[in-house]
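Chains as they are written, first to last, in my numbering: chain B, 197 to 406; chain Z, 867 to 984.
The C-beta atom is built at its ideal place from N, Cα and C for all residues, glycine as well.
Note sheet for the following structure.
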């Protein structure tokens, strides 16, 4: 028990006095392997989404079927984008909450992030349904295939993020997410912010640039 | 009551540096800044004839806004600004590699040439 109290006190002290609450790990880089792995994964994801965005740019002028200008509902997508952007705020507040040991707020912010993510996904499903009803299926044109593949891949990433966030909420409810494991929340937060960053790119390149 | 490793540390038992936690304020202000940039992005669609982004200027304006939003999220929300420099190197290696490879791919297909329609 004395060790446990010591662990708490040292973590709290490190958090209190470290300017940015990042504690050094006993590795060559001073970064935990999981965090390093997540950043490497995110770097590789740049290549995945870069490829999908490039394909979209090459095929954005359809040879048949509806054009992007005819089919996109910019006000609706703007609202969805805003929702996803705000989920990044709730995510970072969740990380902040666990770093100071506030588990109730952690669960509230994680739940809010998952809810905002689910709202975004619902909007995407609705958007896809409307597009299909208006005659833009996956195989209608090269534009539609590139568009659905790009936004669909992003949607899958958001869905995976929601599952991870809900898992964190469950872990926290069962008392298996103490503040010395704050880095777990931070790492999932990195994934979530990356998904948001990718959407910032997609929103501008796919929807807004004429 | 004894504190176990699974119990949260009550905020009252932490010192001021954690208790005040001014980073939350920074995060909220950052989100407001990002929201404001998004509003400007949407205005380029709503008011396409506005002189600042009329014609082809809109592409440059949107790319700049997108880049500012990208850097803000990565450096503040993802803590890259506060973290070890090696993480910045890793992430930028991925971004630079992706940007380089795909710019070359797009140039191969002459996408930036006048009159290109795929």
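For a contact meaning CB atoms closer than 8 Å, what does residue i contact in chain Z?
i	result
residue 282 of chain B	897 and 901
residue 334 of chain B	Those within 8 Å of residue 334 of chain B in chain Z number zero; the least Cβ separation is about 18 Å.
residue 262 of chain B	The contacting residues do not exist; residue 262 of chain B stays about 16 Å from chain Z at best.
residue 361 of chain B	Simply none; closest approach about 15 Å.
residue 397 of chain B	932 and 936
Check whether the Cβ of residue i lies closer than 8 Å to any Cβ atom in chain Z.
i	result
residue 235 of chain B	yes
residue 279 of chain B	no
residue 226 of chain B	yes
residue 288 of chain B	yes
residue 366 of chain B	no
residue 223 of chain B	no
residue 405 of chain B	yes
residue 400 of chain B	yes
residue 346 of chain B	no
residue 285 of chain B	yes
residue 243 of chain B	yes
residue 230 of chain B	no
residue 274 of chain B	yes
residue 355 of chain B	no
Could you check which residue in the options has the C-alpha nearest to that of residue i?
i	options	result
residue 344 of chain B	B:230, B:403 and B:239	B:403
residue 335 of chain B	B:222, B:224, B:249 and B:259	B:259
residue 283 of chain B	Z:971, Z:891, Z:897 and Z:908	Z:897
residue 232 of chain B	Z:964, Z:954, Z:895 and Z:910	Z:954
residue 356 of chain B	B:384, B:289 and B:268	B:384
residue 977 of chain Z	B:256, B:373 and B:248	B:256
residue 895 of chain Z	B:230, B:286 and B:251	B:286
residue 390 of chain B	B:299, B:251 and B:281	B:281
residue 333 of chain B	B:315, B:354, B:290 and B:263	B:263
residue 359 of chain B	B:322, B:386, B:313 and B:338	B:313
residue 326 of chain B	B:342, B:268 and B:301	B:268
residue 278 of chain B	B:319, B:373 and B:375	B:319
residue 946 of chain Z	B:224, B:288 and B:400	B:288
residue 224 of chain B	Z:950, Z:912 and Z:919	Z:950
residue 948 of chain Z	B:370, B:322, B:299 and B:227	B:227
residue 266 of chain B	B:339, B:354, B:387 and B:375	B:339
residue 401 of chain B	Z:929, Z:916, Z:893 and Z:891	Z:929
Verify the CB distance criterion: does residue i have a CB-CB separation below 8 Å to chain B?
i	result
residue 979 of chain Z	no
residue 924 of chain Z	yes
residue 952 of chain Z	yes
residue 916 of chain Z	no
residue 908 of chain Z	yes
residue 889 of chain Z	yes
residue 913 of chain Z	no
Starting from residue i, find everything on chain Z with Cβ-Cβ shorter than 9 Å and list it in chain order.
i	result
residue 247 of chain B	964, 967, 968 and 971
residue 292 of chain B	887, 889, 890 and 893
Using a Cβ cut-off of 7 Å, pull out every chain B residue sitting near residue i, in sequence order please.
i	result
residue 957 of chain Z	235, 238 and 239
Using the beta-carbon of each residue, which ones in chain Z are nearer than 7 Å to residue i?
i	result
residue 270 of chain B	911
residue 430 of chain B	A query on residue 430 of chain B cannot be resolved here, the shown segment of chain B reaching from 197 to 406 and no further.
Taking 8 Å as the cut-off, does the segment 294-303 of chain B touch the segment 368-381 of chain B (at least 3 CB pairs, one atom from each stretch)? Touching, yes, given that three or more Cβ pairs across the two stretches are closer than 8 Å.
In the segment 299-333 of chain B, which residues sit with their C-beta less than 9 Å from some C-beta in chain Z, listed in chain order? Residues passing the 9 Å Cβ filter: 299, 300 and 302.
Taking a Cβ distance cut-off of 9 Å, strictly less, list which residues of the segment 929-940 of chain Z are near chain B, in chain order. If the cut-off is 9 Å between Cβ atoms, the segment 929-940 of chain Z has 929, 931, 932, 935, 936, 939 and 940 near chain B.
When the Cβ atoms of the segment 956-971 of chain Z are set against those of the segment 236-256 of chain B, are three or more pairs found closer than 8 Å? With the cut-off at 8 Å, the segment 956-971 of chain Z and the segment 236-256 of chain B touch.
I want to know whether the segment 270-279 of chain B touches the segment 299-308 of chain B - three or more CB-CB distances under 8 Å. No, because fewer than three Cβ pairs between the segment 270-279 of chain B and the segment 299-308 of chain B fall closer than 8 Å, the two stretches do not touch.
Given 8 Å, three or more beta-carbon pairs between the segment 926-936 of chain Z and the segment 901-911 of chain Z: Output reads yes: the segment 901-911 of chain Z touches the segment 926-936 of chain Z.
Validate contact between the segment 347-354 of chain B and the segment 365-374 of chain B using beta carbons, cut 8 Å, 3 pairs: Per the Cβ contact rule, the segment 347-354 of chain B is not in contact with the segment 365-374 of chain B (fewer than 3 Cβ pairs under 8 Å).
Please list the residues of the segment 381-392 of chain B that have a C-beta atom closer than 7 Å to any C-beta atom in chain Z, keeping them in chain order. Cβ proximity to chain Z below 7 Å picks out 386, 389 and 392 from the segment 381-392 of chain B.
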